[in-house]
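Novice:
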Amino acid sequence: ATPTAMVAGTGAAAKAGILIKDIEAMERAASIDTVLFDKTGTLTEGHPVLSDTVDLSGVDTSDHLRLATALQRGSDHPLAKAFRSAFEAADGDAASLPSPRNFTNRPGEGVAGEVDGVSVALGNRALLSRLGVALDTNAAQKMEELGETVVYLVRDGKPAAVFGFRDAPRPMAVAALARLKERGLATGMVSGDSQAAADRVGRDLGMDLVLAGVRPDRKAKTVAARQQDGARVAMVGDGINDAPALVQADLGIAMGTGSDVALDAAPVTLMRSDLMLVPAVLDICRKTVSKIR
Ligand code: ADP
Ligand code: MG
382 ATPTAMVAGT GAAAKAGILI KDIEAMERAA SIDTVLFDKT GTLTEGHPVL
432 SDTVDLSGVD TSDHLRLATA LQRGSDHPLA KAFRSAFEAA DGDAASLPSP
482 RNFTNRPGEG VAGEVDGVSV ALGNRALLSR LGVALDTNAA QKMEELGETV
532 VYLVRDGKPA AVFGFRDAPR PMAVAALARL KERGLATGMV SGDSQAAADR
582 VGRDLGMDLV LAGVRPDRKA KTVAARQQDG ARVAMVGDGI NDAPALVQAD
632 LGIAMGTGSD VALDAAPVTL MRSDLMLVPA VLDICRKTVS KIR
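Offset between the sequence shown (1-based) and full-length UniProt numbering: plus 381.
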């Protein structure tokens, strides 16, 4: 009866839009007690939109967005795309912008380079500290309290602007988390975003635990730390950066819209970007395993 139940279980999952690639994953899924989610692109749509700009320079307010968008030509981060969209929405032509020189990308922090002979950097507070740029403003605080991702623009070593981006939560995020709680599972969010922004998003969604400021290369360690505390962890993610955490988790679950690297790393793939499929995976696996025993 064992293999038959397993095959039936993967069949029921496939019908619901869940691809289970590894039969043993079903057993592990049945004992999960904690579900961790990546924020951007997993709990949210992953399409940040510029919604706020505050000038800090007091002089040249006009071309902050142009310089920022030119610098982001070197990046394919969702925020880089968001800068391009905002620049084009303001009637700019992103394709005709100069390419940055001496471009560097610091994962989890931001980007730097030279545009039109001006040294520019874009990123979070960790990037500012790395560059030794002192910031004497709380312009970002309100944005973060609204759950916005804040990006600072530094021009010639001085803070010049603060950009706030909104990324809408996926429609079923609240319902999916409520369902997981009904099942007695603990929920958590792992994000590279600031604590204040991540806290707001986590609170709106009803998340038990919010782990913010987690650099891409630390996501797997964050999962391992929960496991060392005795938790049996499912990790849900979509990005290249999430792949090691998806492997480290007792059950890795990749969003089907995510990167191929994430899909390869996880034994479970959600074929629709419907977060209700997360509790559905656990339900199907629990049922299947209880039939076997
Ligand atoms: P997340 O975990 O939310 O997907 P990342 O780890 O990719 O985020 O990035 C964390 C933070 O680093 C971002 O919120 C942003 O502040 C900054 N950052 C990373 N890449 C860029 C970029 N290309 N431009 C501006 N800021 C960036
Ligand atoms: Mg993501």
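The beta carbon of each residue, even a glycine, is placed where N, CA and C say it ideally should be.
Less than 6 Å between the CB of Thr421 and some heavy atom of the ligand MG, yes or no?
Specialist: Yes; taking the cut-off as 6 Å, the Cβ of Thr421 has a heavy atom of the ligand MG nearer than that.
Novice: Just checking Gly633 against the ligand MG - is the residue's beta carbon closer than 6 Å to any of the ligand's heavy atoms?
Specialist: Result no, Cβ not under 6 Å from the ligand MG.
Novice: Distance check for Met616 and Val595, CA to CA, integer angstroms please.
Specialist: Their Cα atoms are separated by approximately 15 Å.
Novice: Per DSSP, what are the beta-bridge partners of Thr530 in this structure?
Specialist: Paired residue(s): Phe546.
Novice: Please give me, in chain order, every unbroken run of the beta strand (DSSP E) with length at least 3 that falls completely inside the region 586-640.
Specialist: List check, beta strand (DSSP E) in window: 590-592, 614-618, 632-636.
Novice: Please state whether the Cβ-Cβ distance between Ala557 and Val659 is less than 7 Å.
Specialist: Their beta carbons are under 7 Å apart, which means Ala557 touches Val659 by this criterion.
Novice: Could you give the C-beta distance for Arg482 and Glu495, rounded to a whole number, given that I count them as a contact under 8 Å?
Specialist: Rounded, the Cβ-Cβ distance is 4 Å, consistent with contact.
Novice: Using a 10 Å radius around the Cβ and a threshold of 16 neighbouring Cβ atoms, would you call Arg454 buried or exposed?
Specialist: Buried: at least 16 other Cβ atoms inside 10 Å.
Novice: Classify Arg564: buried if its beta carbon has 16 or more other beta carbons within 10 angstroms, exposed otherwise.
Specialist: Result: exposed.
Novice: Ser432 lies in the alpha helix (DSSP H); which residues open and close that run?
Specialist: Run containing Ser432: none in the alpha helix (DSSP H); it sits in the beta strand (DSSP E), 430-436.
Novice: Let me confirm a value: Asn505 is counted as buried when at least 16 other C-beta atoms fall within 10 Å, else exposed. Which label applies?
Specialist: The residue in question, Asn505, is buried, as its Cβ has 16 or more Cβ neighbours within 10 Å.
Novice: In angstroms, rounded to a whole number, what distance separates the CA positions of Gly538 and Gly498?
Specialist: Each residue's alpha carbon lies about 13 Å from the other.
Novice: To which residues of the same chain is residue 358 closer than 8 Å at the C-beta, ignoring the five residues directly before and after it?
Specialist: This structure gives no information on residue 358, because the portion of the chain shown stretches from 382 to 674.
Novice: Cβ of Leu561 within 7 Å of Cβ of Val416?
Specialist: It is a contact, given that the beta carbons lie within the stated cut-off.
Novice: Give me the Cα-Cα distance between residue 351 and Asp414, rounded to the nearest whole angstrom.
Specialist: Residue 351 lies beyond the stretch modelled for the chain, which goes from 382 to 674, so this question has no answer here.
Novice: Which same chain residues, not among the five before or five after Ala461, have their C-beta less than 6 Å away from its C-beta?
Specialist: Contacts found: Gln453.
Novice: At a cut-off of 6 Å, would you count Asp641 as near the ligand MG, judging by its Cβ distance to the nearest heavy atom?
Specialist: Every heavy atom of the ligand MG is 6 Å or more from the Cβ of Asp641, so no.
Novice: Take Lys600 and list the residues in its own chain whose beta-carbon comes closer than 7 Å to its own, dropping the five residues that flank it on each side.
Specialist: These residues qualify, in order along the chain: Val571, Asn622, Asp623, Pro625, Ala626.
Novice: Do Val582 and Gly528 have their C-beta atoms closer together than 7 Å?
Specialist: Taking 7 Å as the Cβ cut-off, Val582 and Gly528 qualify as a contacting pair.
Novice: With DSSP collapsed to three states, give me the class of Ser510.
Specialist: Three-state result, Ser510: helix.
Novice: Taking 6 Å as the line, does the beta carbon of Asp664 fall inside it for any heavy atom of the ligand MG?
Specialist: No, the beta carbon of Asp664 sits no closer than 6 Å to any heavy atom of the ligand MG.
Novice: In the DSSP assignment, find the alpha helix (DSSP H) that holds Ile401 and state where it starts and stops.
Specialist: Ile401 -> not in any alpha helix (DSSP H); beta strand (DSSP E) instead, spanning 399-401.
Novice: Where are the alpha helix (DSSP H) runs, 4 residues long or more, that stay fully inside the region 411-498, in chain order?
Specialist: If we require 4 residues or more, the alpha helix (DSSP H) runs fully inside the region 411-498 come out as 445-452, 459-470.
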